[in-house]
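Asks: Chains A and B, in that order, give the protein sequences. Residue numbering for the first sequence follows my numbering, beginning at 1 and increasing consecutively. Residue numbering for the second sequence follows my numbering, beginning at 1001 and increasing consecutively. Every residue gets a Cβ at the ideal spot worked out from N, C-alpha and C, and that includes glycine. Below you'll find the structure I mean.
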Amino acid sequence: MAQAMAHRVQRSRRRAIVNHGGLLLLFWILTAISIYPLIWLVLSSLKTSSEMFGNSWAFPEVWQWDNYVQAWNAGISRYLLSSVIVTLISTLLVVYLSAAAAYALVVLRFRGKAAIYALILGGLILPPEVALFPLFQTLTWLGIYNTYWALIIPYTAFGIPFATFLIRAYMVKIPIELSEAAAMDGAGPLWSFRNIYLPLCRPVLASAALIQSMRSWNEFIFALSFVESENVKTITIGMMSFANALRSDWSVLMAGLVISIIPVLLVFIVLQRQFIGGLTQGAVK
Amino acid sequence: MIKLEAQSLTKDFGSVRALDDISFTVAEREFVVLVGPSGCGKSTLLRLIAGLEEISNGKLIIEGSRVNDVPASQRGLAMVFQSYALYPHMTVEENMSVGLRIAGKPKDEIRQKVKTAAQILQLDELLARKPKQLSGGQRQRVAIGRAIVRDPTVFLFDEPLSNLDAALRLQMRLEIAKLHKQLNATMIYVTHDQVEAMTLADKIIVLNNGKIEQTGSPLELYRQPLNRFVAGFIGSPQMNFLDGRITAAGDKKATINLDCGLSVPLEDLDASLAGKRATLGIRPEHIVILSEERQTVAPACANVQVVEHLGSQTIIYANLEDGTALSIIDDETTEQCPGELIAIDVPSNAAYLFDENGIERLRSSRISERKK
């Protein structure tokens, strides 16, 4: 009896180890699959073009740091600046406006709240491509075609629905008594938004900021359609014209790609802890 | 001087009437307790006063002006919430100074006021801590401190002690009573605990089903309940209610024959009650347990079910012959045992009589006569 028991315990323990090991292996495979292209990209960016084609898998014979200098001077710096400006402003706008909308939806009392929330969520369903032509006309009419605003405003508009959804879900878990206590302390809604809700929502604001900055940074269709001057082009479009210009020089192009990835990577590393916390918070009570 | 006055306040949530025709006044420095069972509307009433809920009908007057449409932030009141509602990202000092900072008071004044309040509440050592690092009692103190610092027209308390354990609750109850004296403050306090109400209040307002059942001082409510609800709600253990029929009334010789077999003579009873069913109310502390020598006249027997020895007194839970449950407080040290039969008497001078509508007819009428 006891022996059978011990046997069973041993077997289940063995099974647990096998399961654990299997899971670990799976994670390693997934990690390798997602990381390998990046490693290949970095390695290629440090080779000469002929080496890149001839000896695709090897380490560079001579590390060609000069590729980066070339890429930077060939216009990457300009595109990078445009992207940073557009991403930064649209992200700040999305986070602030969505937080304000979420606050109103959660704390304030007014008629038609459910309808307004439904309208905002409706924006999630709308694919940006559908709005391409009307937006183009509107932007031309407003006289902001081919400026940063031609990207910042649409990015902000299309970013608000999801960010509002995300932040609202977090805010409803903040006890309503806090805003009531603030009201009793003599605070108006703006004060309790800025001094209570914004600080308490920091994790979810970080998540929203990260998601939005990645969206703005990687956006392609609007960037392709709404700007045309070199000094307004963002990195995604910049890389495309870069590819045309440097058709022969692939390794310099790779260097440019690496440069374009770095900012997003940095933002993610800085915010990742808050990001994961923000997305999962409240999933389990 | 009247600080706050409610005139026929009504609150509807959709088609549900949560509060109906509520009128009362709160004098300066008065401690008013709103008490009632859960769902009676007492917290809603407090929230109407605070401005956290809109008033459906009626008038709310604070210091002479109508404030129905004044937002909560401008009514000059302070509220202590059941959940404390401390701002979790601020230190104790910041929590307490929020009101003054919003009002734009000079920094020195703020620091001075927070310091004074912290001393009163023994929070001096904790000013730099965050709410997370405090115990329940300390959080409660901070919540009260936040109210004190603002020097409000009226303090509002929404069941402030219900999250504390029994010992701490008693201690905080005393502290709130002391604070009331020390600050000369006007306070409105909501609780479902009638002991809290009795110990703290100058004036108790008993609410039930969104209506005021009775308003009065603690002893008034205890001695002269207007109806069966108030009689049952105030006092612990609850007043005993014994059903019976009134045999005769008028000319000072009325008697009620209780279903348990006991007859109790009643004085000065309204003649119109003769022949009607009624309920006799008697508090546990007024029931007399008859010793063996006097049992020859024993009017009723009760079967002891449970005996609680509290030391200074003993609470006996017994069943009468017709099955009516009875609680008796016995100051004597005689020890009763479960299963034992005891003889009891209901002294008529301590009894209350409730008619079929639950209205008290014996004492309250005498009181109203006296008032005339």
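(1) Starting from the beta carbon of R1150/B, find every residue of chain A whose beta carbon is closer than 9 Å, and list them in chain order.
(2) Using beta carbons (cut-off 9 Å, strictly below), is R1146/B in contact with chain A?
(3) Beta-carbon of L190/A versus every beta-carbon of chain B: anything under 9 Å?
(4) Alpha carbon to alpha carbon, how far is I261/A from F268/A? Give it in angstroms, no decimals.
(5) Under 8 Å between beta-carbons, which chain B residues line up against I160/A? List them in chain order, please.
(6) How long is the line joining the alpha carbons of I1256/B and A1351/B, rounded to whole angstroms?
(7) What are the boundary residues of the beta strand (DSSP E) that H973/B is part of?
(8) So what does T1215/B bridge to, in DSSP terms?
(9) Can you round the beta-carbon distance between V1032/B and A1201/B to whole angstroms, since I take them to be within the 8 Å contact cut?
(10) With a threshold of 6 Å on Cβ separation, who are the neighbours of V1005/B within its own chain once the five nearest residues in sequence on each side are excluded?
(11) Rounded to the nearest angstrom, how far is the Cβ of L97/A from that of I160/A, given a contact under 8 Å?
(12) Tell me whether S77/A is buried or exposed, calling it buried when 16 or more other Cβ atoms sit within 10 Å of its Cβ.
(13) Does Y145/A come out as helix, strand or coil in the three-state DSSP assignment?
(14) Would Q1074/B count as contacting chain A if we go by Cβ distances under 9 Å?
(15) When you compare the CB of P1088/B with every CB in chain A, is at least one pair closer than 9 Å?
(16) Under 9 Å between C-beta atoms, does M1198/B make it to chain A?
(17) Please list the residues of the stretch 194-207 of chain A that have a C-beta atom closer than 7 Å to any C-beta atom in chain B, keeping them in chain order.
(18) Pop quiz: I1148/B and D185/A are said to be a contact at Cβ under 8 Å. What is the actual Cβ separation, rounded to whole angstroms?
(19) How long is the line joining the alpha carbons of A16/A and V9/A, rounded to whole angstroms?
(20) As a quick exercise: from V1304/B, Q1305/B, E1267/B, I1246/B, pick the residue whose alpha carbon is nearest that of T1279/B.
(21) Taking the alpha-carbon positions, what's the W65/A to F226/A distance?
(22) Report, in whole angstroms, the separation of the C-beta atoms of T147/A and V232/A, which I expect to be a contact under 8 Å.
(23) Going by DSSP, what residues sit across from Y1317/B in a beta bridge?
(24) In whole angstroms, give me the CA-to-CA distance for P1106/B and K1113/B.
(25) As an exercise, report each continuous alpha helix (DSSP H) stretch of at least 4 residues that is fully enclosed by the stretch 1210-1277 of chain B, in chain order.
(26) Taking 6 Å as the limit between beta carbons, can you name the residues of its chain near K1371/B, skipping five residues before and five after?
(27) Quick check on the burial criterion: 16 or more other C-beta atoms within 10 angstroms. Buried or exposed for D249/A?
(28) Mind checking A283/A: buried by the 16 CB within 10 Å criterion, or exposed?
(29) In three-state DSSP terms, what is D1021/B?
(30) With three or more beta-carbon pairs closer than 8 Å as the criterion, would you say the stretch 188-198 of chain A touches the stretch 72-89 of chain A?
(31) Around the Cβ of R1363/B, are there at least 16 other Cβ atoms within 10 angstroms (buried) or fewer (exposed)?
(32) Just the Cα atoms here: how many angstroms apart are V1092/B and L1161/B?
(33) Check each candidate in L126/A, A182/A, K47/A and name the one with the smallest Cα separation from P955/B.
(34) Under 8 Å Cβ to Cβ from S1348/B, same chain only, skipping five residues before and after it: list those, please.
(35) In this structure, how does DSSP classify V1026/B when only helix, strand and coil are distinguished?
(36) Do you know whose CA, among G1051/B, I1120/B, S1272/B, lies nearest V1067/B's CA?
Replies: Per the coordinate set shown:
(1) Those are M184, D185, G186, listed as they occur along chain A.
(2) yes
(3) no
(4) Counting only the Cα atoms, I261/A lies some 11 Å from F268/A.
(5) Here the premise fails: no neighbours, minimum Cβ distance about 26 Å.
(6) 11 Å
(7) Shown here, chain B extends from 1001 to 1372; a query on residue 973/B therefore has no answer.
(8) Paired residues: I1205/B.
(9) So it is a contact: roughly 7 Å between Cβ atoms.
(10) The residue asked about is misnamed: residue 1005/B is Glu in this sequence, not Val. Cβ within range, chain order: T1025, I1061.
(11) About 6 Å; that satisfies the 8 Å criterion.
(12) Residue environment for S77/A: exposed (fewer than 16 other C-beta atoms within 10 angstroms of its C-beta).
(13) coil
(14) yes
(15) yes
(16) No - not a single Cβ of chain A is within 9 Å of the one on M1198/B.
(17) I196, P199, L200
(18) So it is not a contact: roughly 12 Å between Cβ atoms.
(19) 10 Å
(20) I1246/B
(21) 34 Å
(22) Going by Cβ atoms, the distance from T147/A to V232/A rounds to 6 Å, so yes, they are a contact pair.
(23) V1306/B, S1327/B
(24) 11 Å
(25) Complete alpha helix (DSSP H) runs here, min 4: 1218-1223, 1228-1233.
(26) Bear in mind that the predicted position of K1371/B carries a pLDDT of just 42, short of 50, making it too unreliable to give a figure here.
(27) buried
(28) A caution first: A283/A carries a pLDDT of 40, below 50, which makes its placement in the model unreliable, though a value can still be read off. Exposed, by the Cβ-count rule.
(29) strand
(30) no
(31) buried
(32) 19 Å
(33) Outside the modelled stretch of chain B, which goes from 1001 to 1372, sits residue 955/B, for which no answer is possible.
(34) Cβ neighbours of S1348/B beyond the five flanking positions: V1264, P1265, L1266, E1267.
(35) strand
(36) G1051/B
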